[in-house]
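Residues in the sequence shown are numbered from 325 upward in steps of one, following my numbering.
All C-beta atoms, glycine included, are put in the ideal place defined by N, C-alpha and C.
A quick note: this is a predicted structure, and the numbers were derived from the prediction, not measured.
First comes the structure, then the notes that go with it.
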Amino acid sequence: MLTLIDDITAAFIAALANGWATLATFALPILGVCAVISFYREYSATVMSSGAGMGDAMAHGILLIFASGCYLFLLTNLFPIAQAALNTVFFWGLQGAGGGTTTAQLQAPSFIFETGLKAAKTIADFDGVMRSAATMFHLANHPGDLIAYWAIILAFLGVTLHVAMMLIEFYLAVMLSSVLIPWGIWRLTSGIAEFSLGWLTGSLIRALVTSALIGVATPTFTLLNQPTDGGGFFTLPQTFRLVAGSMLYLVLCWIIPVRAATLAGQASLGLTGSTLLSAAMSGQRFATMASSVTSSARRVISPLVNRSS
Numbered sequence: 325m326l327t328l329i330d331d332i333t334a335a336f337i338a339a340l341a342n343g344w345a346t347l348a349t350f351a352l353p354i355l356g357v358c359a360v361i362s363f364y365r366e367y368s369a370t371v372m373s374s375g376a377g378m379g380d381a382m383a384h385g386i387l388l389i390f391a392s393g394c395y396l397f398l399l400t401n402l403f404p405i406a407q408a409a410l411n412t413v414f415f416w417g418l419q420g421a422g423g424g425t426t427t428a429q430l431q432a433p434s435f436i437f438e439t440g441l442k443a444a445k446t447i448a449d450f451d452g453v454m455r456s457a458a459t460m461f462h463l464a465n466h467p468g469d470l471i472a473y474w475a476i477i478l479a480f481l482g483v484t485l486h487v488a489m490m491l492i493e494f495y496l497a498v499m500l501s502s503v504l505i506p507w508g509i510w511r512l513t514s515g516i517a518e519f520s521l522g523w524l525t526g527s528l529i530r531a532l533v534t535s536a537l538i539g540v541a542t543p544t545f546t547l548l549n550q551p552t553d554g555g556g557f558f559t560l561p562q563t564f565r566l567v568a569g570s571m572l573y574l575v576l577c578w579i580i581p582v583r584a585a586t587l588a589g590q591a592s593l594g595l596t597g598s599t600l601l602s603a604a605m606s607g608q609r610f611a612t613m614a615s616s617v618t619s620s621a622r623r624v625i626s627p628l629v630n631r632s633s
């Protein structure tokens with residue numbers, strides 16, 4: 325299960341990196357066409373209004389050539405620059421939190437789910453010792469511990485999905501920026517480039533806030549996972565504190581980074597675990613609707629079939 329999450333995330337990132345390399349071939353044609361159109365449209369207006377001479381035309385052309393070179397340099401090295409920027413914001417967030425999490429761990433988010441398994445395992449072991457059961461199914465005999473166990477598991481799974489989707493959204497923004505940023509050289513279509521840069525900025529801000537939250541929460545749950553009664557068992561208040569902390573961790577990681585990214589870039593997709601939940605609920609609604617339509621059709625067709633027979 326743990327390696328599966330990392331493998332899926334790595335597969336998406338690798339596919340998006342290949343997509344960036346493919347789309348980057350279109351950057352130069354888009355840049356060239358937009359630069360030529362920008363030169364003729366903007367300079368023709370200057371000539372018609374003020375009668376600019378050859379020197380002004382050459383200066384405007386040289387300025388566009390220089391700007392095109394800067395754009396081309398950025399687009400050629402965009403993926404390494406974006407990767408370095410992501411590692412930098414991860415480092416800042418983790419250093420600010422002062423935790424023991426590393427940048428490499430955030431690239432493989434399964435360690436978050438592993439932390440949740442360790443936290444929930446204590447509750448399972450506690451109930452198992454008290455009831456001398458041999459399997460995990462013994463939790464069904466104690467509904468309170470069962471609910472606490474799955475609440476912690478699902479909360480940490482949600483945070484893990486959030487980090488995985490954060491990485492996927494960032495690399496998706498990098499992939500598409502190779503064909504969106506070149507439009508910025510033409511003033512009329514500069515909004516497209518601004519959207520792409522805002523998306524990248526929002527994704528980086530989201531990564532910064534998420535890494536800070538994870539850096540704070542990881543050692544915190546290590547402390548909460550230590551029984552304090554001296555007998556190695558969890559009391560009811562300790563279990564409630566662990567469950568409440570897990571749910572708060574989930575809510576904070578879903579809401580705060582997405583809102584920060586939206587305020588920073590105004591273009592973040594806000595992909596989180598709630599996206600999967602909404603998709604699942606939509607699928608259930610469509611299935612229910614299809615079932616209702618099928619039942620209605622059967623009620624209408626059955627009398628007709630009986631009459632014909």
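Cβ contact annotation for Trp510 (same chain, cutoff 7 Å, sequence separation greater than five): Cys358, Ile361, Ser362, in chain order. Fewer than three Cβ pairs drawn from the region 382-395 and the region 492-503 lie within less than 8 Å of each other, which leaves the two stretches out of contact. The way I'd put it, the region 421-439 doesn't touch the region 515-528; fewer than three beta-carbon pairs between them come closer than 8 Å.
Going by beta carbons, Ala444 and Ile492 fall outside the 7 Å limit. A Cβ-Cβ separation of about 7 Å places Phe403 in contact with Ala341 under the 8 Å criterion.
Here Thr586 is not near Ala488, since their CB atoms are 7 Å or more apart. When the alpha-carbon of Phe435 is set against those of Gln407, Ile405, His486, the nearest one is in His486. Less than 7 Å divides the Cβ of Thr484 from the Cβ of Phe437. For the 7 Å CB-CB criterion, Pro581 and Thr534 form a contact.
Counting only runs of 4 or more residues that sit fully inside the region 401-444, the alpha helix (DSSP H) segments are 402-421, 427-431, in chain order.
Leu355 places its beta carbon less than 7 Å from that of Ser392. In this structure, DSSP gives Trp578 a helical state, which the three-state scheme calls helix.
Contact between Ala475 and Tyr573 does not hold, since the beta-carbon distance rounds to 11 Å and is not under 8 Å. Spanning the alpha carbons of Lys442 and Leu410 requires a straight line of approximately 28 Å. Separation of the CB atoms of Thr542 and Thr439 is rounded to 6 Å, and the pair is thereby assigned contact status at 8 Å.
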